[in-house]
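Colleague: Shown below is the structure under consideration.
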DNA sequence: GACATATGTTGTCACTGTAAACATTATTCG
DNA sequence: CGAATAATGTTTACAGTGACAACATATGTC
């Protein structure tokens, strides 16, 4: 009964342990061999489930984006527009701070360089939702005279930046630690609710 | 005359080559042994100049921040306030897109984790300049009713985010490639010049 | 029950960072 | 000037890593 030859569900165990490692020690400290050790399995066992390290990361990234999309639509059936945009931005930042591993992986060059079509299209889907929100919001009177391309760049930059500032050790040191959820919403509101 | 035992200025050669590698192949592809090979020197020679890999990166980061500070003050003696803030933000993004290596290194956890006091205080100096700009700008009537902490978070997030969006492969894919300098200034102006 | 497939293991290779012991050149100081 | 010393390189070595191939065992299917 003890030490069965087959682990049982090594695949999911690898993913879970990998996320754990990344959340508490960072992506840099993640190694396939380390995972294998943690799960009491031979050093090459993980390769039966993931062709290589980037492949593992990619799979995690994929579920990360899916969770992101789900999270930013959490309220359910919001119509495209400013309200949905606000929720998406808040949801993105929240997602990033609560799942730094996902956020970090998605920004790993090695992962995105070999991104699967699935992953790419998930990312695209998320992006086009925001583009839609901007154009609809403008039709409803929000910053009607602004170039939508600039609004889009601004939006992406602000959400990505906020997530990074709250996550990245360097920026945390600069911006201080005493920021709560209301502050984040406040910062985003500066953009969404104008002057 | 050929193949002298001493390289002459291995230290600076290492730094230059490292920046070259990072700009064209990314931080991930940088290795001490690779540098040594490129410079026709034994694999352990770099360790005479840098205690370890993070040490090399850190030194590059240090000069990176110094260049950043110099670049964002390029116009010379602007007084604190909105104008200087605008220049700092534009300067930061420009610096990041022109020297992706510096920008990337500064955000490497291994570098900042063991950051020297020099590096930390350079970063602090840059941050406090921006804080000063915000408070002065508010005294001069810019977004006077806003919480300065939120403005600061917003500012840092927007600049960091813009730099990342323009640099990071994943975001580049989302936001498209046809963005020029005017677009960047335009996006920043959305924040600085209100609704 | 035999066979095919999925999953693990062992052994190996090339690469990396880092350290220690040694070699050569530069510098300093009597 | 010349010897001691510091600075800089080299060689050798070790442990950790991703990846591959050959092999072993379990699982599932006809």
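Residue numbers (the working numbering), protein chains in the order written: chain A, 17 to 211; chain B, 17 to 211. Yeah, the Cβ is synthetic: ideal placement off N, Cα and C, and Gly gets one too. Note that the structure is predicted; figures quoted are calculated from it, not measured.
If the cut is a Cβ gap below 9 Å, which residues of chain B does residue 34 of chain A touch?
Modeller: Numbered from 1 along the first chain, position 18 holds the residue referred to as residue 34 of chain A. Within 9 Å Cβ-Cβ: nothing; residue 34 of chain A doesn't reach chain B, min ~17 Å.
Colleague: Between A:65, A:107, A:160 and A:94, which lies nearest to residue 29 of chain A when the distance is taken from Cα to Cα?
Modeller: Here residue 29 of chain A is taken as the residue at index 13 of the first chain, counted from 1. If we check each option's Cα against that of residue 29 of chain A, A:65 comes out closest.
Colleague: Residue 79 of chain B to residue 99 of chain A, Cα distance in whole Å?
Modeller: Position 63 of the second chain holds residue 79 of chain B. Position 83 of the first chain holds residue 99 of chain A. Spanning the two alpha carbons is a distance of roughly 44 Å.
Colleague: Which class does residue 132 of chain B belong to by DSSP, given the choice of helix, strand or coil?
Modeller: Here residue 132 of chain B refers to the residue found at position 116 when the second chain is read from its first residue. Coil at residue 132 of chain B, not helix or strand.
Colleague: Return no unless some Cβ of chain B is closer than 8 Å to the Cβ of residue 170 of chain A.
Modeller: One-based indexing of the first chain puts residue 170 of chain A at position 154. It does: the Cβ of residue 170 of chain A has a partner Cβ on chain B nearer than 8 Å.
Colleague: Assuming residue 138 of chain B contacts residue 81 of chain B under a Cβ cut-off of 8 Å, what Cβ separation, rounded to an integer in Å, is found between them?
Modeller: As a position in the second chain, residue 138 of chain B is number 122, starting the count at 1. As a position in the second chain, residue 81 of chain B is number 65, starting the count at 1. The pair is a contact, with the Cβ atoms about 4 Å apart (cut-off 8 Å).
Colleague: I'd like to know whether the C-beta of residue 181 of chain B is nearer than 8 Å to at least one C-beta of chain A.
Modeller: For the purposes of this step, residue 181 of chain B is identified with residue 165 of the second chain, where counting begins at 1. By this cut-off, residue 181 of chain B is an interface position.
Colleague: Is there a Cβ from chain A that is less than 8 Å from the Cβ of residue 44 of chain B?
Modeller: Stepping through the second chain from its first residue, residue 44 of chain B is reached at position 28. True, the Cβ-Cβ gap to chain A drops below 8 Å.
Colleague: Using the beta-carbon count (16 or more within 10 Å), is residue 62 of chain A buried or exposed?
Modeller: The residue labelled residue 62 of chain A in the question sits at position 46 within the first chain. Buried.
Colleague: Work out the CA separation of residue 96 of chain A and residue 148 of chain A for me, nearest whole Å.
Modeller: Numbered from 1 along the first chain, position 132 holds the residue referred to as residue 148 of chain A. Numbered from 1 along the first chain, position 80 holds the residue referred to as residue 96 of chain A. Residue 148 of chain A and residue 96 of chain A: Cα-Cα distance of roughly 7 Å.
Colleague: Checking contacts by CB at 8 Å: is residue 88 of chain B closer than that to chain A?
Modeller: In the second chain, the residue the question calls residue 88 of chain B occupies position 72. Chain A, which has no Cβ nearer than 8 Å to the Cβ of residue 88 of chain B, makes this no.
Colleague: Just checking: is the beta-carbon of residue 82 of chain B within a distance shorter than 8 Å of some beta-carbon in chain A?
Modeller: Start at 1 with the first residue of the second chain, and residue 82 of chain B comes out as number 66. Closer than 8 Å: no.
Colleague: If the cut-off is 8 Å on Cβ atoms, which residues from the segment 113 to 125 of chain A count as contacting chain B, listed in chain order?
Modeller: The segment 113 to 125 of chain A vs chain B, Cβ under 8 Å: 122, 123 and 125.
Colleague: Please check the pair residue 206 of chain B and residue 170 of chain A, which I expect to be a contact at CB under 8 Å, by giving their CB distance rounded to whole angstroms.
Modeller: Here residue 206 of chain B is taken as the residue at index 190 of the second chain, counted from 1. Here residue 170 of chain A is taken as the residue at index 154 of the first chain, counted from 1. Contact holds; Cβ gap of about 5 Å.
Colleague: If you follow the alpha helix (DSSP H) that residue 165 of chain B is in, where does it begin and where does it stop?
Modeller: Walking along the second chain from the start, residue 165 of chain B turns up at place 149. Residue 165 of chain B -> alpha helix (DSSP H) spans 164 to 183.
Colleague: Measure from the alpha carbon of residue 83 of chain A to the alpha carbon of each residue in A:42, A:122, A:161 and A:127, then state which is nearest.
Modeller: Reading the first chain from its first residue, position 67 is the one you call residue 83 of chain A. Of the candidates A:42, A:122, A:161 and A:127, the one whose C-alpha sits nearest the C-alpha of residue 83 of chain A is A:122.
Colleague: Quick one: what does DSSP say residue 96 of chain A is sitting in, helix, strand or coil?
Modeller: Position 80 of the first chain, counted from the first residue, corresponds to residue 96 of chain A. Three-state DSSP puts residue 96 of chain A in coil, outside helix and strand.
Colleague: Among residues of its own chain, excluding the 5 on either side of residue 141 of chain B, which ones have a beta-carbon nearer than 8 Å to its beta-carbon?
Modeller: As a first step, residue 141 of chain B must be located in the second chain, where it is residue number 125. Closer than 8 Å at Cβ, skipping near neighbours: 85.
Colleague: Excluding five sequence neighbours on each side, which residues of the same chain lie with their C-beta closer than 8 Å to the C-beta of residue 26 of chain B?
Modeller: Here residue 26 of chain B refers to the residue found at position 10 of the second chain. Taken in chain order, the residues that qualify are 55, 57, 61, 62, 64 and 65.
Colleague: Chain B partners of residue 163 of chain A, CB-CB under 9 Å?
Modeller: Position 147 of the first chain holds residue 163 of chain A. The answer, in chain order, is 199 and 202.
Colleague: Leaving aside the five residues before and after residue 32 of chain A along the sequence, list all residues of the same chain whose C-beta is less than 8 Å from its C-beta, in chain order.
Modeller: As a first step, residue 32 of chain A is located in the first chain; it is residue number 16 there, counting from the start. The answer is none, since no qualifying residue turns up.
Colleague: Buried or exposed: which applies to residue 194 of chain A, given that a residue is buried once 16 or more other Cβ atoms fall within 10 Å of its Cβ?
Modeller: By 1-based counting over the first chain, the position of residue 194 of chain A is 178. Looking at its Cβ environment, which holds fewer than 16 other Cβ atoms inside 10 Å, residue 194 of chain A is exposed.
Colleague: Relative to the C-alpha of residue 200 of chain B, which residue among A:199, A:209 and A:173 is closest?
Modeller: Residue numbering aside, residue 200 of chain B sits at position 184 when the second chain is read from its first letter. Among A:199, A:209 and A:173, the Cα nearest to that of residue 200 of chain B is on A:173.
Colleague: What is the DSSP secondary structure of residue 25 of chain B, reduced to helix, strand or coil?
Modeller: Indexing the second chain from 1 puts residue 25 of chain B at position 9. Looking at residue 25 of chain B - three-state DSSP - the assignment turns out to be coil, as it is neither helix nor strand.
Colleague: So which residues of chain A does residue 134 of chain B contact, with C-beta pairs closer than 8 Å?
Modeller: Here residue 134 of chain B is taken as the residue at index 118 of the second chain, counted from 1. Within chain A, no residue comes near residue 134 of chain B; the closest Cβ sits about 15 Å away, beyond 8 Å.
Colleague: Looking only at its own chain, which residues have a Cβ that is under 6 Å from the Cβ of residue 182 of chain B, when we skip the five neighbours before and after it?
Modeller: Position 166 of the second chain, counted from the first residue, corresponds to residue 182 of chain B. The answer, listed in chain order, is 113.
Colleague: Would you call residue 176 of chain A buried or exposed, if buried means 16 or more other Cβ atoms sit within 10 Å of its Cβ?
Modeller: In the first chain, residue 176 of chain A corresponds to position 160, counting from 1. It counts as buried.
Colleague: So, with DSSP's three-state summary, where would you put residue 17 of chain B?
Modeller: Along the second chain, read from residue 1 onward, the residue named residue 17 of chain B stands at position 1. For residue 17 of chain B, the predicted structure reports a pLDDT of 40, less than 50, and the residue's modelled location is therefore unreliable. A value from the coordinates is still provided. Residue state, collapsed to three classes: coil.
Colleague: Is there a C-beta anywhere in chain A that falls below 8 Å from the one on residue 173 of chain B?
Modeller: As a first step, residue 173 of chain B is located in the second chain; it is residue number 157 there, counting from the start. Chain A contact via Cβ: present.
Colleague: Does chain B have any CB closer than 8 Å to the CB of residue 71 of chain A?
Modeller: Locating residue 71 of chain A in the first chain gives position 55, where the first residue counts as 1. Not one chain B Cβ lies under 8 Å of residue 71 of chain A.
Colleague: Residue 39 of chain B and residue 164 of chain B: beta carbons closer than 8 Å?
Modeller: In the second chain, counting from the first residue as 1, residue 39 of chain B sits at position 23. In the second chain, counting from the first residue as 1, residue 164 of chain B sits at position 148. Not a contact, by the Cβ cut-off of 8 Å.
Colleague: So, does the CB of residue 178 of chain A fall closer than 8 Å to a CB anywhere in chain B?
Modeller: Indexing the first chain from 1 puts residue 178 of chain A at position 162. Yes, its Cβ sits closer than 8 Å to a Cβ of chain B.
Colleague: Cβ closer than 7 Å: which chain B residues qualify as neighbours of residue 48 of chain A?
Modeller: Residue 48 of chain A sits at position 32 when you count from the first residue of the first chain. Near residue 48 of chain A there are no residues of chain B at all, since even the closest Cβ is about 16 Å away, more than 7 Å.
Colleague: Residue 94 of chain B and residue 103 of chain B look like a contact to me (Cβ under 8 Å); what is the Cβ gap, rounded to whole Å?
Modeller: On the second chain, position 78 is the one that residue 94 of chain B refers to. On the second chain, position 87 is the one that residue 103 of chain B refers to. Confirmed, Cβ separation roughly 6 Å.
Colleague: Can you check which of these residues, B:89, B:53, B:43 and B:88, is closest to residue 72 of chain B by C-alpha distance?
Modeller: To locate residue 72 of chain B, count along the second chain from 1; it is residue 56. Considering only alpha carbons, the answer is B:43.
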